[in-house]
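Asks:
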Amino acid sequence: MAKIALIPGDGAGIEVAASAKAAVKKLTPHHELVEFDYGADRYLKTGVGLPPGQLEEFRNDYDAILFGAVGDPRVKDNAHAREILLGLRFGLDLYVNFRPCKLLDDKLSPLKGKGKKEIDFVVFRENTEGMYNAIGGVFKKGTPDEVAVAEEINTRKGVERIIRAAFEYAKKQGKKRVAMADKSNAIGAHELWGRTFKEVAKGYEGITAKHYYVDAIAMQLVMKPEDFDVIVTTNLFGDILTDLGAALTGGMGVAPSASLNPESTPLFEPVHGSAPDIAGKGLVNPVAMLLTTALMFRELGDEKQAVALEGAIEAAVQAGKTTRDLGGALSTQAVTEDILSRT
Ligand SMILES: NC(=O)c1ccc[n+]([C@@H]2O[C@H](COP(=O)([O-])OP(=O)(O)OC[C@H]3O[C@@H](n4cnc5c(N)ncnc54)[C@H](O)[C@@H]3O)[C@@H](O)[C@H]2O)c1
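My numbering numbers the first residue of the sequence shown as 3 and each following residue consecutively.
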């Protein structure tokens, strides 16, 4: 039995969390699910995003965190979202942001002549360093001499562990190609990425390691997505490339992710945000969250349930039992029920 923390969050997050809860209850009823109300409402009442001690509790007493989404226009600068989400990712040192980009049905492909066979890769995005460290600031703000500085952090340890995670995954899954994307032709510090990539690759015979500049890989992902199995990259570039990956597979409604560290409590979250434009109307696609739930099942050792859920999702999408974003007419709840009825 695993102990799972469920944090629905805000808006669309709350709706898709209900879908995930239904999937856990049906497919893995042996797990304990504990719900937490962290999000905008609680923040507006208490001024606290993630209370003191909560990280430690998640780290010590929980096997997984299942997260909806956070974001609310009522909270200035989305301060609560940063505190909760970045607090979890950084606080639990979840250095792997794992994002599968797999087309579920040929008809969802935005690329001419590219279907399920061609669009199937995963991205390992570095998740704890890079540009997302709040080191920097604005000097002489509002004056003609204004200067804005943002520093990028790349540590040997951080770069090596994400690259190694990508190769380990390739080895376990029998994938033959690992690509790494940086911008070392313009950002000197990225030389560390290339050097580390080469060194780590030596330990993985039979896997082709190929270096790309990030602009080139962005183009190649659209022209020849079939060239890619596993991609490893920096935090910022991963953020951008995975949205491209989401677009290749049907959009935000179908993009799952996991933030991992083998020595910490993993966090599972759909890529999308709280989608205020459609939240609360039954229009939110639960597929991203259900694929995310399948990733969690797999990580918890429930491989059979993961395969069953992924198969059911694919079947439902292929049968056109979808929400509006994928061309269907069903509600969030109706899609969830259809998918679960196929498991
Ligand atoms: N992980 C997170 O919690 C997370 C991620 C991204 C954005 N956000 C926050 O969410 C809020 C909204 O941000 P945004 O609009 O830039 O991004 P978003 O992902 O919420 O929405 C982008 C677009 O995708 C659509 N969309 C998103 N999820 C969908 C789903 N499941 N089904 C169908 N359509 C879906 C939305 O309707 C919108 O048009 C902001 O406050 C932002 O900071 C949170």
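In this text, a Cβ means the ideal position worked out from N, Cα and C, and glycines have one as well.
All values derive from a computational prediction rather than experimental measurement.
Using the Cβ count rule (16 or more neighbours within 10 Å means buried), how would you classify G275?
Replies: Buried, because 16 or more other Cβ atoms sit within 10 Å of the Cβ of G275.
Asks: Can you tell me whether I137 sits near ligand 1, meaning its C-beta is under 7 angstroms from at least one heavy atom of the ligand?
Replies: no
Asks: Output yes or no for whether 8 angstroms exceeds the beta carbon distance between I6 and L46.
Replies: no
Asks: At a threshold of 7 angstroms, does G255 count as lining ligand 1 (C-beta to nearest heavy atom)?
Replies: yes
Asks: So the alpha helix (DSSP H) I233 belongs to, where does it begin and stop?
Replies: It is not in any alpha helix (DSSP H) - I233 instead sits in the beta strand (DSSP E) that spans 232-235.
Asks: Let's test the definition: count the other Cβ atoms within 10 Å of the Cβ of H82 and tell me whether it reaches 16, buried, or not, exposed.
Replies: buried
Asks: DSSP on G132, reduced to helix/strand/coil?
Replies: strand
Asks: Let's test the definition: count the other Cβ atoms within 10 Å of the Cβ of G49 and tell me whether it reaches 16, buried, or not, exposed.
Replies: exposed
Asks: Looking at ligand 1, does it come within less than 7 angstroms of N80, judged from the CB to the closest heavy atom?
Replies: At least one heavy atom of ligand 1 is found less than 7 angstroms from the C-beta of N80.
Asks: Could you please give the first and the last residue of the uninterrupted beta strand (DSSP E) stretch that includes L68?
Replies: 66-71 is the extent of the beta strand (DSSP E) around L68.
Asks: Residue range of the beta strand (DSSP E) that N99 falls in?
Replies: 98-104
Asks: With DSSP run on the structure shown, which of helix, strand or coil describes T345?
Replies: coil
Asks: Answer with yes or no whether the minimum CB distance from L113 to chain D is below 8 angstroms.
Replies: Absence of chain D from the displayed structure is noted, only one protein chain being present.
Asks: I'd like to check one pair, I164 with E201: are the Cβ atoms closer than 8 angstroms?
Replies: no
Asks: Would you kindly work out how many angstroms separate the C-alpha atoms of N99 and K143, rounded to a whole number?
Replies: 34 angstroms
Asks: Over what stretch of residues does the beta strand (DSSP E) that includes E276 continue unbroken?
Replies: The sequence given here places Ser at residue 276; Glu does not occur at that position. Counting along the chain, S276 falls outside any beta strand (DSSP E), and DSSP gives it neither H nor E.
Asks: If you run the structure through DSSP and keep just helix, strand and coil, what is L88?
Replies: If DSSP states are grouped into helix, strand and coil, L88 belongs with the helices.
Asks: Alpha carbon to alpha carbon, how far is T294 from P272? Give it in angstroms, no decimals.
Replies: 6 angstroms
Asks: Just checking P278 against ligand 1 - is the residue's beta carbon closer than 7 angstroms to any of the ligand's heavy atoms?
Replies: yes
Asks: So what's M3 in DSSP terms, helix, strand or just coil?
Replies: Residue state, collapsed to three classes: coil.
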